[in-house]
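These protein sequences, in sequence, are chains A and B. Take 0 as the starting number for the first sequence in numbering that gives the first Met the number 0 and just add one per residue. Take 0 as the starting number for the second sequence in numbering that gives the first Met the number 0 and just add one per residue.
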Amino acid sequence: MNTAQPVGLAVACQEMVFSLTGQGDVQDVTALRKQLLDIHASALSQHARVVRVNLADVEFMNSTGLGAFVSWIAELQKVATAERYKIELHGSSGRRWQRSSLHSLAAFGPLDVSVHFREA
Amino acid sequence: MTDTLVVELPSLWSALVDVRAKVAQFLQSTPEDVSDAAVMAASELVENAIKYGTSGKGDNTLQVKIEGADLRVQVCSRSGAISRLDELKKTVDEIRVAPDIHELYLEHMRISAQRQSRQTQLGLYRIAAEGGFSISVVDNGTRTCVAATRSLS
Chain A
0 MNTAQPVGLA VACQEMVFSL TGQGDVQDVT ALRKQLLDIH ASALSQHARV VRVNLADVEF
60 MNSTGLGAFV SWIAELQKVA TAERYKIELH GSSGRRWQRS SLHSLAAFGP LDVSVHFREA
Chain B
0 MTDTLVVELP SLWSALVDVR AKVAQFLQST PEDVSDAAVM AASELVENAI KYGTSGKGDN
60 TLQVKIEGAD LRVQVCSRSG AISRLDELKK TVDEIRVAPD IHELYLEHMR ISAQRQSRQT
120 QLGLYRIAAE GGFSISVVDN GTRTCVAATR SLS
């Protein structure tokens, strides 16, 4: 008997990339948190292995904006380890606030978040 | 260079960009990490005054002052609700006695993620942990002054 085997195709988006720009004087964390959690849901559904966030053109981010990232990382930490993707935060060494603040986010999610700087 | 910068507190959120630029300009001859920390601290403290509705015209100011080997970033504004002042004092005390400020900051990140409220209430912890400042608060009944102090080196 000649039975066609189902082709085990799985489409995986290995890497998602998005950028934020401007002044991150976030007044209400709700909107940015929702955007980041939408990206999180999308990354999980697409089985992304890496979500790369380009922050090089964010001139400043207040603690409320950082809090939205904290919520995102906390959501990712609820996912089983094998299913998780990595968050890569890409900054610019010329944006000096990023040196301490992005490392704070990495300290919050040491297994899930890495920080990368490009020379200004 | 004079040793004090005084900026009247804005009531508009959009003015934070100018506040940061003025502090950076004032501290341009100090080490980069000190200047960066002061810009962040000033921005967070002024933002709090705007957020809690205590900024605006009058004797409400941001003051950045070099005092010997120390740098002080202070925001004085109209006293807000007593509950807000109590909360502020509690946070300042918690920061003052924390054996490890970075661990306290991480703990409040965890709390903020669980709370899922509109405000994260991370500003003062950030000033202490990322900026290396000690924080104090004084209220005389009509004005509240929050000061962040660290060494210039």
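Note that the Cβ used here is the ideal one computed from N, Cα and C, for glycine as well.
Any non-hydrogen atom of the ligand MN within 7 Å of residue i CB
i: V78 (chain A); result: Questions concerning the ligand MN fall outside what the structure shown contains, since it holds no ligand whatsoever.
Contact with chain B by residue i, beta-carbon distance below 8 Å
i: L31 (chain A); result: no
i: G93 (chain A); result: no
i: L110 (chain A); result: no
i: L65 (chain A); result: yes
i: D107 (chain A); result: Before going further, note that residue 107 (chain A) is Phe rather than Asp in the sequence given. Output row for F107 (chain A): interface = yes.
i: S113 (chain A); result: no
i: A73 (chain A); result: yes
i: F59 (chain A); result: yes
i: Q13 (chain A); result: no
i: S44 (chain A); result: no
Exposure label - residue i; buried when at least 16 CB within 10 Å
i: S13 (chain B); result: exposed
i: S44 (chain A); result: exposed
i: N47 (chain B); result: buried
i: Q97 (chain A); result: buried
i: L11 (chain B); result: exposed
i: V5 (chain B); result: exposed
i: H39 (chain A); result: buried
i: F17 (chain A); result: exposed
i: T3 (chain B); result: exposed
i: E102 (chain B); result: exposed
i: E66 (chain B); result: exposed
i: N1 (chain A); result: Note that N1 (chain A) scores 46 on pLDDT, short of 50, meaning its location in the model is unreliable; the coordinates nonetheless yield the value given after this. Exposed, by the Cβ-count rule.
i: E43 (chain B); result: buried
Residue i and residue j closer than 8 Å at C-beta
i: I153 (chain B); j: A128 (chain B); result: Limits of chain B in this structure are 0 at one end and 152 at the other, which puts residue 153 (chain B) out of reach.
i: R83 (chain A); j: D37 (chain A); result: no
i: T60 (chain B); j: L15 (chain B); result: no
i: A105 (chain A); j: S113 (chain A); result: yes
i: L65 (chain A); j: H89 (chain A); result: no
i: L92 (chain A); j: A119 (chain A); result: As written in the sequence, residue 92 (chain A) is Ser, which differs from the Leu given in the question. Taking 8 Å as the Cβ cut-off, S92 (chain A) and A119 (chain A) qualify as a contacting pair.
i: A36 (chain B); j: G131 (chain B); result: yes
i: S34 (chain B); j: A20 (chain B); result: no
i: V91 (chain B); j: I134 (chain B); result: yes
Extent of the continuous beta strand (DSSP E) to which residue i belongs
i: T20 (chain A); result: 14-23
i: L54 (chain A); result: 49-60
i: L61 (chain B); result: 60-66
i: A146 (chain B); result: 142-150
i: H125 (chain A); result: Here chain A comprises residues numbered 0 to 119, so residue 125 (chain A) is not present and cannot be evaluated.
i: A29 (chain A); result: Ala is not the amino acid found at residue 29 (chain A); the sequence shown has Thr there. Looking at the DSSP string, T29 (chain A) is not in any beta strand (DSSP E); the run it does join, the alpha helix (DSSP H), is 28-44.
i: K85 (chain A); result: 85-91
i: S28 (chain B); result: That residue, S28 (chain B), is in no beta strand (DSSP E); it is neither H nor E in DSSP.
Residue-chain proximity (residue i, chain A), Cβ-Cβ < 8 Å
i: T141 (chain B); result: no
i: R149 (chain B); result: no
i: Q27 (chain B); result: no
i: R19 (chain B); result: yes
i: R71 (chain B); result: no
i: Y51 (chain B); result: no
i: D92 (chain B); result: no
i: Q62 (chain B); result: no
i: R117 (chain B); result: yes
Continuous alpha helix (DSSP H) stretch holding residue i: start and end
i: A112 (chain B); result: 100-114
i: H102 (chain A); result: 95-107
i: E31 (chain B); result: 31-50
i: K21 (chain B); result: 15-25
Discussion item. Quick check: the stretch 112-126 of chain B against the stretch 19-35 of chain B, are at least 3 beta-carbon pairs closer than 8 Å?
Written reply: The stretch 19-35 of chain B makes no contact with the stretch 112-126 of chain B; the number of CB pairs closer than 8 Å stays below 3.
Worksheet item: Okay, do the stretch 137-146 of chain B and the stretch 68-86 of chain B touch, 3+ Cβ pairs below 8 Å being the bar?
Response: Yes: the two stretches touch, three or more of their Cβ pairs being nearer than 8 Å.
Worksheet item: Counting pairs of beta carbons, one from the stretch 47-60 of chain A and one from the stretch 21-29 of chain A, are three or more of them closer than 8 Å?
Response: Yes: at least three Cβ pairs fall under 8 Å.
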